[in-house]
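Residue numbers (UniProt numbering), protein chains in the order written: chain E, 1 to 325; chain F, 1 to 448.
Structure (structure tokens):
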């Protein structure tokens, strides 16, 4: 083994060209020296961007900062007075029964709504990706619930689930069984809201999956068919891996939507008994009953932090993997 | 794009936005500290003239929007110099409370008169969001002696009057007369729950109804109507500020309720509105507000009977809580508007107008001298509600004075009635929650 003289491997010193030292007055002069065209471009840029920047600052960042500030207060909504408690509201949340209850409900709701919407959405997309008759109508029918008002959907499904006179109750009774207490029982209430949420949102997943399926390279599929791979094999070994960018994209977007689900929960279970996710608990604490505006703000900040993490994950991984072409 | 000037401009803009945001973040409530909050002081209206117009926020309790419009038209005919702007503040007491509190937080667009329910007015008192009415009642010569005393007393605290009764109700026992007759039962409400427990199997045997009795929907009503069961056994959610929630009497009362659902299997729990379920024939009897009376009579396809609330093994009277809503005057509006609102308040609580409102909704007349003969000729069942008023009981502090207590009671009731939870331990948990709310959110504001 030969000894290598490290110094020999060192790059030879590069003689940098003499840098022109730029003084402050010269920089100011350079700025003054903007051409009329550049100055005009800048003004046009400002004219277009400033209103949007202002709106974003006033309606997004300002409430966000306000909310963070309020989360440090012991403030009853409507009261003119409040006491600064620092991180007290966060300590209360994470050390009380509220944190496991609310975070647990949020996790269960997110897991089943995201999993359910994506799994059923994929199955529907596979069905719609055939050349059977009526797929255009079926595609519209599947997507329709996604664009319906959550309030309207919630009210209609409440009638279906009502243990007294709902359709489900009638089905149970026709088999001689008593209808479950879908609305009053906290565990069943969560199941009910998840079912309706999945029904409403699976159309979105189906349409995005369908677009992904239709953009898969046909030659790979044909080659696999020639090699004797059956439909299931082709799906598991080719379609599903090739759909991974779509799947990951849907995972992130449906997670974000699920974390922000409010209307169905509010309409179907106003008490939030068993269905109080982070966003609904924040609402209940401030407006629903307790009027704890500071505590509610702290829960909102926790939700914001979770959403931020999910968004960062999306930016770091999804952007690299999704093919937009 | 990377020119220093542009970067600096961007930085400047960003800094300006950040500073603006940070400055604004310093708004909101005052955090200067100081002594324990005191209630809003009585306002001196000497020399004040009523404003030319004011906003009246209502959720139109008992589908009263048309009746309110009639009252406003009549008021403006009598007082052409005061215009009343009726604003729909929500579809129920909770929604109007949210809107009112949001306006309080924003310190803008406040009404001069607002509907406030039994579980909300005390929070407004604690937050100094409403003014005491004593001075106005005196100045405008309200005939307080002619008001139903129990309904006025509901809004008294700290020796001051904070609201006046408006859409006031009590729960009533509703029953299906046809099914009672078919079961060979007397045409009356049961005197006690024990008596109804004997009737219930007979009712179930003769009818195809799912339930002999339907408990009211838990959200918003469990804490209210279950007071009847608790009081009948000598219990209650609280005695003043002593939380007797898990007392033996309460355990006995709610064990009976749970047994009626699970063990004896004659009762169910409404998911939305027991009055609707009853009118649809799903149950042979229920408890519902007097405010639902006209709707039930209109929708039911059978003869409807109403009666007093049943008593328990300890007490048969008074076991009926008062309820419903009053009208209050917010603190953050000009005196002129407050005076105009008080003038309207006096008008709508005059005997003929409270009778008109009662006829339109089924709510109880708030004045003793209200001529109800025409109303009773048309809807004789309202007489039962009026008679029951004499045996009503002020609600327990725990339900009406603690923010969120009603929701906690509803959750506890849900556990007992839909998950068969142990009654004693559920009530003990509830007691802990109520004490926590009192200690954190109420006691410091009472200055004690």
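Note that CB positions come from ideal geometry on N, CA and C, so glycine has one too. Owing to the predicted nature of the structure, the values given are computational and were not obtained by experimental measurement.
Taking the C-beta atoms as reference points, residue 410 of chain F is found nearer than 8 Å to residue 219 of chain F. The continuous stretches of beta strand (DSSP E) do not include residue 260 of chain F, which lies in the alpha helix (DSSP H) extending over residues 248 to 261.
Under a criterion of Cβ atoms nearer than 8 Å, the residues of chain F adjacent to residue 185 of chain E are, in order, 414, 418, 419.
Only those residues of the segment 144 to 173 of chain E whose C-beta falls short of 9 Å from the nearest C-beta of chain F are listed: 158, 161, 162, 163, 164, 165, 166, 169, 173. In the assembly as shown, residue 52 of chain E is an exposed residue. Its beta-carbon has fewer than 16 other beta-carbons within 10 Å. Spanning the alpha carbons of residue 58 of chain F and residue 115 of chain E requires a straight line of approximately 43 Å. Considering only E/206, E/36, E/287, the residue with the shortest C-alpha distance to residue 127 of chain E is E/206.
In this structure, residue 270 of chain F places its C-beta atom within 8 Å of the C-beta atom of residue 214 of chain F. Residue 161 of chain F sits away from residue 116 of chain F, with the two beta carbons spaced by 8 Å or more. DSSP places residue 419 of chain F outside both helix and strand once states are collapsed to three, so it counts as coil. DSSP places residue 168 of chain F inside the beta strand (DSSP E), whose first and last residues are 164 to 169.
Here residue 392 of chain F is near residue 320 of chain F, since their CB atoms are less than 8 Å apart. Between the alpha carbons of residue 291 of chain E and residue 88 of chain F lies a gap of roughly 22 Å. Taking residue 261 of chain F as reference, the option from F/420, F/96, F/343 with the minimal CA-CA separation is F/420.
With 16 or more neighbouring CB atoms inside 10 Å of its own CB, residue 414 of chain F falls in the buried class. Burial check for residue 81 of chain E: the Cβ neighbour count within 10 Å reaches 16 or more, so the residue is buried. Annotated as distal: residue 264 of chain E and residue 306 of chain E, with beta-carbon spacing of 8 Å or more. Cβ-Cβ separation between residue 325 of chain F and residue 174 of chain F: approximately 21 Å, too far for a contact (criterion under 8 Å).
Along the segment 213 to 225 of chain F, the positions whose C-beta sits under 9 Å from a C-beta of chain E are 214, 217, 218, 219, 220, read in chain order. Contacts between residue 78 of chain E and chain F, judged by CB atoms closer than 8 Å, involve 100, 101, 104, 105, 123, 124, 127, 129 in chain order. In this structure, DSSP gives residue 121 of chain F a helical state, which the three-state scheme calls helix.
Against chain F, the CB of residue 84 of chain E has a partner CB under 8 Å away; the residue lies at that interface. Out of E/274, E/228, E/199, E/104, the CA that lies nearest to the CA of residue 147 of chain E is found in E/199. CA-CA distance, residue 50 of chain E to residue 362 of chain F, rounds to 57 Å. Secondary structure at residue 55 of chain F: strand, using DSSP grouped into helix, strand and coil. Boundaries of the alpha helix (DSSP H) harbouring residue 52 of chain E: 36 to 56, taken from the DSSP string. Judged by DSSP in its simplified three-state form, residue 306 of chain F adopts strand.
If you draw a straight line from the Cα of residue 388 of chain F to the Cα of residue 171 of chain F, it comes to about 10 Å. Closest by C-alpha distance to residue 313 of chain E, out of E/249, E/79, E/301, is E/249. For secondary structure counted as the beta strand (DSSP E) over 3 or more consecutive residues, the segment 318 to 342 of chain F holds these complete runs in sequence order: 323 to 328.
Nearest neighbour of residue 386 of chain F by Cα position, chosen from F/92, F/148, F/86, turns out to be F/148. With a minimum length of 3 residues, the unbroken runs of beta strand (DSSP E) contained wholly in the segment 205 to 250 of chain F fall at 213 to 215. It is roughly 29 Å from the alpha-carbon of residue 296 of chain F to the alpha-carbon of residue 233 of chain F. At least 8 Å separates the beta-carbon of residue 288 of chain E from that of residue 127 of chain F.
Every unbroken stretch of the alpha helix (DSSP H) spanning 4 or more residues and falling wholly within the segment 56 to 97 of chain E is given here in chain order: 62 to 70, 88 to 95. In the same chain as residue 71 of chain F, and ignoring 5 residues on each side of it, the C-beta atoms closer than 8 Å to its own belong to 347, 348, 353, 356, 357, in chain order.
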